[in-house]
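Residue numbers (the UniProt record's numbering), protein chains in the order written: chain Y, 1 to 362; chain Z, 1 to 523.
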Amino acid sequence: MSTSTLPTTPESQRSYRPYARPLVARLLVNREAAIIGLLVAVFAWSTVNIEAFDGPLTLYYLFLDMAPILMIALPMTLVIITGEIDLSVASIVGLSSVLVGIFHVDMGLSIPVAGLLAIAVGTLAGLLNGFLVAYVGLPSLAVTIGTLALYRGIAVGLLGDTAITDFPQKWTDLVKERIVEESSYPMVLIPIAVLIVVFALTLHFTSFGRGVYEIGLNDQAARFSGVNVERTKLFLFALTGAVSALAGIYYTLRYGSARGDNATGLELQVIAAVLLGGVSIFGGRGALHGVIAGVLLIGVISSAMRLEGETVNKINIVIGVLLVLSVISTSFLAWASGLRSARRWPWATRPRPDGTGKRSQS
Amino acid sequence: MSGPSDPSGSPLTLELRDVAKSFGAVAALRSGTLEVRPGSIHALVGENGAGKSTLVKVIAGVHQRDAGEFRLKGEEVDFGSTSESKAAGVAVIYQEPTLFPDLSVAENIFMGRQPLGPARRIDRKRMYDGSAALFDRLGVHIDPRRPARGLSIADQQIIEIAKAISLDAALLVMDEPTAALSGVEVDRLFAVARSLRDEGRALVFISHRFEEVFALCDEVTVMRDGEYVSTDPIVDTTVDEIVARMVGREVTDLFPKTPAPVGDVVLDVEGLNRTGVFHDVSFQVRAGEIVALAGLVGAGRSEIARAVFGVDAYDAGSVRMLGRAVRPGRPRAGIEAGMAFVPEDRRQQGLVVDGTIARNVAAVIRGRLDRLGFLTTRAENRAAGPWAARLEVKTNALDMPATTMSGGNQQKVVLAKWLATEPKLLIIDEPTRGIDVGTKSEVHRLLSDLAGQGLAIVMISSELPEVLGMADRVLVVHEGRITAELDREEATAEAVMRAATGSSGITPMVGNPASASTEEVKA
């Protein structure tokens, strides 16, 4: 039997506008645009007002410093959009750093081979996170707090408080080299640009990406529509592990030092940047261009304040306040526009079952 | 039964006039009018989507009205929040109360206003004594010291009522309080309600069970499609009159299944088993046929459907589509075999309510909308638009979130999403639950048309008239087993109910269509 099953109401062919708001409003009135605007404003202000901000080294070091955060923020965005979180990323960076050192210096493997092995281990670490979250059904916050300690413990356990520093100059120079002589753009931006393109296309222009959002908004409905929720989450955690390991290789080569405590606390910087970029911690909302702007905004503020001679503590205070304000602004805007959504505050009283919701019978 | 008491000169406890409330483009309430006298129990009835719940939420301060008058004890009020309405003497008791499960009963009653002793310590003794006194007044026996966890829904409601009395609420609104109660519990609730009325309080009682409305209430207000229809003393009206006003049309028009030629076997379920849930379930569905799974709520009908589609796993048996085995436990496998599944809980399972209409409609088919692996919003819109149009989804634009839509409109989105897959088999669980009457008959006509075009349909419904009107064959499920298979001619209300209750002697009351399904109890 293969007849078409279209309902026969051809006369009722109404058509809909694709968007409720005009293009300009859609492009400009959203959190991503606000963060990009703020980034441009802070950058412009700093260029005018801060001496040496427009010098050749500012952007160069900004990119070098922010590179690991930018890399890890990409898969982290996808993980947070599904409504999960991965706190073990910095520990995977540390583990990967130690492994690169051991594989290269102690075992004599070349840097690319050592790096690939480290990425493989990072992927396994991510798979363990993903397995426990997606298939065992444990909360990701608890799982990754556990593996944060576990992976860091292994990393420090392998090397103790020693560091491996005998890395070939060729490789340590390569990551710091500029793409074009005298420009502000270090080589590491090339793999990052590739990753950004891949992640942006995956999240925003594939069926898989739509599934990521649906899982964050309502995983049950996603499952009922044929999205493989468990496999998607497993894949995202594994991907996060792999990219974190890649960041670990970069970290090791940039500082020429493999240590167990490398990148301690980086996970919070990554998550802060992702949230600043407009991703909802409750899942389902956010966009990659906002996250990239969020990372760069933190970078610009840090370097501007450093050039002004401010301490790291003051920089942290400013970024912390900014993050809190950005979270408040979401709630404030939602409140102001009269949108009542249980999603914003999942711990608040659930809306009462109304006539269209669940009822046991009529 | 006494008529509404109306002490001369005393103002109405509650007076709502032409209250309107819209969510986005959807007018949930157009002109809600409700007048409740002190010392009376007032029934508010209407089909789902008639605007009752929205009206209650306006009274409770959950929603703020867009227009209309709202007076409490003669004074104009404007509640910005639920705490303001509570302070003004309004208490709303919901079908499923929300207590703090780990706190004691007394702590729940005195939440936020615990009696304080010396040095601002909570005076537990006064709290327990106060609770006990309240329960004595209500004539119920609940230990104030026990935790709220594990209390029956009925006891939880009593606690909410006790809380309301301790706040000296003048108006109690009970939103379908009896839906989850047993007969004895209903009697106790009614006794409490009457004693509150006799104290001079005003009560609003929302129910779909007419026997309860007629047993308890003094007056009845009917709403339809967000509008006020009528208010009458209960003694001056009849069930038939009220039903006619609620639906606004002849009830017989609701189920227009037209006969369709029956084709080959599409779905073949053989010996399906899931221990403790359903047992040895076998049935076939042919093209052009509507097969209804009838039975009590909790009999295992939805669970069977979920296992067939692949959302749930099963222990033994097989599911075949057009002769081919379908891999169990994977919705994707069911979809690829040509199944579509419109689940029971629209907001949690049927659609992503915060997602846009276009993405919801394209959710299942988007895998084949991509080009070179890339999917664009434009492609989704192009695919979703015509399906939304065919089902006459009411919306301004395809990027509106489904949250703001009415239940009926949301159901159309779910149907559009599944019909877009051009399925061979449609499993539809409670096709018209929570949707307005107009959309209800649209859905019925659609199902009938689809069957006419050769779609095989499995329909689960708790509404007996819907089952009897739509189904070519009725399979009755009782405690996880198919206990009867009835042809259209054999399927009478009595035959279905007898098989559904597993008894041969009971002849359940099936007086009128709107109350027939109230026979169903939660198992």
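The beta carbon of each residue, even a glycine, is placed where N, CA and C say it ideally should be.
Let me confirm a value: residue i is counted as buried when at least 16 other C-beta atoms fall within 10 Å, else exposed. Which label applies?
{"i": "residue 34 of chain Z", "result": "buried"}
{"i": "residue 541 of chain Z", "result": "In this structure chain Z extends from 1 to 523, so residue 541 of chain Z is not present and cannot be described."}
{"i": "residue 78 of chain Z", "result": "exposed"}
{"i": "residue 286 of chain Y", "result": "buried"}
{"i": "residue 258 of chain Z", "result": "exposed"}
{"i": "residue 169 of chain Y", "result": "exposed"}
{"i": "residue 149 of chain Z", "result": "exposed"}
{"i": "residue 68 of chain Y", "result": "buried"}
{"i": "residue 49 of chain Y", "result": "exposed"}
{"i": "residue 305 of chain Y", "result": "buried"}
Residue i versus chain Z: which residues are under 8 Å apart at the beta carbon?
{"i": "residue 17 of chain Y", "result": "396, 397, 398"}
{"i": "residue 206 of chain Y", "result": "370, 373, 374, 375"}
{"i": "residue 20 of chain Y", "result": "396, 397, 399, 400"}
Could one say the Cβ of residue i lies closer than 8 Å to chain Z's Cβ atoms, at least one of them?
{"i": "residue 31 of chain Y", "result": "no"}
{"i": "residue 309 of chain Y", "result": "no"}
{"i": "residue 284 of chain Y", "result": "yes"}
{"i": "residue 38 of chain Y", "result": "no"}
{"i": "residue 231 of chain Y", "result": "no"}
{"i": "residue 169 of chain Y", "result": "no"}
{"i": "residue 214 of chain Y", "result": "yes"}
{"i": "residue 201 of chain Y", "result": "yes"}
{"i": "residue 210 of chain Y", "result": "yes"}
Have a look at residue i and residue j and give me their C-alpha separation to the nearest angstrom.
{"i": "residue 240 of chain Y", "j": "residue 134 of chain Y", "result": "14 Å"}
{"i": "residue 230 of chain Z", "j": "residue 477 of chain Z", "result": "39 Å"}
{"i": "residue 18 of chain Z", "j": "residue 177 of chain Z", "result": "26 Å"}
{"i": "residue 458 of chain Z", "j": "residue 265 of chain Z", "result": "13 Å"}
{"i": "residue 341 of chain Y", "j": "residue 328 of chain Z", "result": "Only weak support is given to the placement of residue 341 of chain Y: the predicted model assigns it a pLDDT of 41, under 50, and the value that follows is read from those uncertain coordinates. Rounded to whole angstroms, residue 341 of chain Y to residue 328 of chain Z spans 36 Å at the Cα level."}
{"i": "residue 192 of chain Y", "j": "residue 357 of chain Z", "result": "34 Å"}
{"i": "residue 125 of chain Z", "j": "residue 190 of chain Z", "result": "30 Å"}
{"i": "residue 184 of chain Z", "j": "residue 270 of chain Z", "result": "41 Å"}
{"i": "residue 144 of chain Y", "j": "residue 125 of chain Y", "result": "10 Å"}
{"i": "residue 251 of chain Z", "j": "residue 240 of chain Z", "result": "Here residue 251 of chain Z scores only 48 on pLDDT, less than 50, and its place in the model should not be relied on; the value that follows carries that caveat. Looking at the two C-alpha atoms, the distance is approximately 10 Å."}
{"i": "residue 55 of chain Z", "j": "residue 110 of chain Z", "result": "27 Å"}
{"i": "residue 78 of chain Y", "j": "residue 24 of chain Y", "result": "27 Å"}
{"i": "residue 212 of chain Y", "j": "residue 354 of chain Z", "result": "14 Å"}
{"i": "residue 139 of chain Z", "j": "residue 346 of chain Z", "result": "39 Å"}
{"i": "residue 96 of chain Z", "j": "residue 158 of chain Z", "result": "12 Å"}
{"i": "residue 411 of chain Z", "j": "residue 149 of chain Y", "result": "47 Å"}
{"i": "residue 246 of chain Z", "j": "residue 224 of chain Z", "result": "6 Å"}
{"i": "residue 107 of chain Y", "j": "residue 113 of chain Y", "result": "11 Å"}
Output, in chain order, the set of chain Z residues within a Cβ distance shorter than 7 Å of residue i.
{"i": "residue 225 of chain Y", "result": "363, 364"}
{"i": "residue 217 of chain Y", "result": "352, 354, 355"}
At 9 Å on the CB atoms, spell out the chain B contacts of residue i, in chain order.
{"i": "residue 164 of chain Z", "result": "No chain B is part of this structure, whose protein chains are labelled Y and Z."}
Let me see if you follow: with CB-CB separation under 8 Å, is residue i close to chain Y or not?
{"i": "residue 251 of chain Z", "result": "Only weak support exists for where residue 251 of chain Z lies, its pLDDT of 48 falling under 50; the value from the coordinates is given anyway. No, no contact with chain Y."}
{"i": "residue 341 of chain Z", "result": "yes"}
{"i": "residue 381 of chain Z", "result": "yes"}
{"i": "residue 331 of chain Z", "result": "yes"}
{"i": "residue 16 of chain Z", "result": "no"}
{"i": "residue 367 of chain Z", "result": "yes"}
{"i": "residue 307 of chain Z", "result": "no"}
{"i": "residue 313 of chain Z", "result": "no"}
{"i": "residue 352 of chain Z", "result": "yes"}
{"i": "residue 348 of chain Z", "result": "yes"}
{"i": "residue 469 of chain Z", "result": "no"}
{"i": "residue 388 of chain Z", "result": "yes"}
What residues from chain Y crowd round residue i, counting only those whose CB sits closer than 7 Å?
{"i": "residue 335 of chain Z", "result": "226"}
Residues of chain Z with CB under 9 Å from residue i, in chain order?
{"i": "residue 222 of chain Y", "result": "352, 363"}
Quick one: which chain Y residues come within Cβ less than 9 Å of residue i?
{"i": "residue 359 of chain Z", "result": "210, 213, 214"}
Inter-stretch contact (C-beta, 8 Å, three-pair minimum) for the region 291-305 of chain Z and the region 465-479 of chain Z
Cβ pair count under 8 Å is three or more, so yes.
Counting pairs of beta carbons, one from the region 487-502 of chain Z and one from the region 315-328 of chain Z, are three or more of them closer than 8 Å?
As far as the Cβ criterion goes, the region 487-502 of chain Z does not touch the region 315-328 of chain Z, which means the pair count is below three.
So, do the region 260-268 of chain Y and the region 86-96 of chain Y have three or more beta carbon pairs nearer to each other than 8 Å?
Yes, they touch.
Report yes or no: do the region 420-431 of chain Z and the region 334-351 of chain Z share at least 3 C-beta pairs separated by less than 8 Å?
Taking a cut-off of 8 Å for Cβ pairs, the region 420-431 of chain Z and the region 334-351 of chain Z touch, as three or more such pairs fall below it.
Kindly confirm or deny that the region 14-22 of chain Y and the region 384-394 of chain Z touch, where touching means at least three C-beta pairs closer than 8 Å.
These segments touch.
Between the region 136-156 of chain Z and the region 96-106 of chain Z, do three or more beta carbon pairs fall short of 8 Å?
Here the region 136-156 of chain Z makes contact with the region 96-106 of chain Z; the two share three or more CB pairs at distances below 8 Å.
Three Cβ pairs or more, each shorter than 8 Å: is that satisfied between the region 83-96 of chain Z and the region 59-71 of chain Z?
In short, these stretches touch, since the Cβ pair count reaches three.
For the pair the region 291-311 of chain Y and the region 110-130 of chain Y, tell me if three or more CB-CB distances fall below 8 Å.
They do not touch, by the three-pair rule.
The region 278-285 of chain Y touching the region 71-87 of chain Y, judged by at least three CB pairs closer than 8 Å
Cβ pair count under 8 Å is three or more, so yes.
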